[in-house]
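There are 2 protein chains.
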Amino acid sequence: MDKPTALQVFEALSSGVRLDVFRLLVQAGPDGRVAGEISAALDIPPTNLSFHLKGLAQAGLVTAEQEGRFQRYRANIALMVDTIAFLTENCCGEGVSCELTGIAEGVCKS
Amino acid sequence: MDKPTALQVFEALSSGVRLDVFRLLVQAGPDGRVAGEISAALDIPPTNLSFHLKGLAQAGLVTAEQEGRFQRYRANIALMVDTIAFLTENCCGEGVSCELTGIAEGVCKS
DNA sequence: ATAATGATTCAATAGTTATTGAATTATTGA
DNA sequence: TCAATAATTCAATAACTATTGAATCATTAT
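Taken in sequence, the protein lines are chains A and B. Going from the first sequence to our numbering is simple: count from 1 and add 168. Going from the second sequence to our numbering is simple: count from 1 and add 168.
In structure tokens, the structure reads:
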């Protein structure tokens, strides 16, 4: 993953609203959720939700698919996994072990 | 890790300057770097660097220690590892495997 | 066709973030 | 003490982000 992509992902995740939306879509699984469902579930006004969904989509963290007059959103798990890989490669210096924290071995460079 | 902490970390990592600073400090290892070294290495004016170091410190991603008239900064690897754990717990839904991406098994809930 | 529904875009506003140069604080060295 | 050095804070500005309500666009149902 290149740096601009990583920055966009971090910026997208730096809002409580967007983090909540993304988590909801992760939990929703492959079916995702239409905008109205997200709006209702998280109690976010449609216009504000649109704003944040746009940011998430621009960062690539969610995809949008038209479904009649609904708009269905899904989490892009692959990008999140890539992001975790990016952080992993940037988080552990020489000889630093991640075992201490309960993260699986092999995750960090060390 | 709680949500406000995660949000602060993501916000801190959402600036190219701060990401560069953090990576530099990770590479520097336990010795860290004094502010002037960071400023010179990344070609960032001292006053702007102070601004971004403040953000990183507030998020907990770096620590600062006075050393004579210098200020030594170090990366907080533990917090980064916690952040990776946070993302891991929020990235993989039911039955989603991370194997595809080359991330070690056991990382995702699966 | 027309009305109703789902969602987005637009316009306005308030608040926040990034950057720069000048001023300030603190420590070291002559 | 006095000048020099390291770093931060302050003040000003420009740019961006978040939120809301009104308006618009597209699709569905009558």
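All C-beta atoms, glycine included, are put in the ideal place defined by N, C-alpha and C. On a predicted model such as this, the values are computed, not experimentally measured, just so you know.
Residue state for A/R240 is assigned as strand, using DSSP reduced to three classes. Only residues of its own chain outside the window of five on either side were considered, and among them none has a CB closer than 6 Å to the CB of A/F219.
Beta-carbon to beta-carbon, B/V185 and B/I212 are separated by about 6 Å, close enough to satisfy the 8 Å threshold. For the stretch 173-195 of chain A, the beta-carbon criterion of a distance under 8 Å to any beta-carbon of chain B is satisfied by A174, L175, F178, E179, L181, S182, S183, G184, L187, F190, R191, V194, Q195. Taking 8 Å as the Cβ-Cβ cut-off, the stretch 242-253 of chain B approaches chain A at A243, I245, A246, M248, V249, D250, T251, I252, A253, given in chain order. Between the alpha carbons of B/A203 and B/R240 lies a distance of about 6 Å. Judged by DSSP secondary structure, A/P172 falls within the alpha helix (DSSP H) whose first and last residues are 171-181. Under the Cβ distance rule, A/L229 does not count among the residues neighbouring chain B, no pair being separated by less than 8 Å.
The stretch 214-230 of chain A makes contact with the stretch 171-180 of chain A: 3 or more CB pairs, one atom from each, lie closer than 8 Å.
If you look at B/G223, you'll find it in the alpha helix (DSSP H) that goes 214-227. In this structure B/D199 is exposed. Its beta-carbon is surrounded by fewer than 16 other beta-carbon atoms within 10 angstroms. An exposed status is given to B/N216, since fewer than 16 other beta-carbon atoms sit within 10 Å of its beta-carbon. The Cβ neighbour count for A/D250, taken over all protein chains shown within 10 Å, is at least 16; the residue is labelled buried.
Sequence-distant Cβ neighbours of A/K171 in its own chain, meaning closer than 8 Å and more than five residues away, do not exist here.
Per DSSP, A/D188 is one residue of the alpha helix (DSSP H) stretching across 184-196. Interface with chain A (8 Å Cβ-Cβ cutoff): B/K222 is excluded.
Between B/L192 and B/A209, the CB-CB gap stays under 8 Å. For B/I252 against A/L255, the beta-carbon gap comes to about 5 Å, under 8 Å, which counts as contact.
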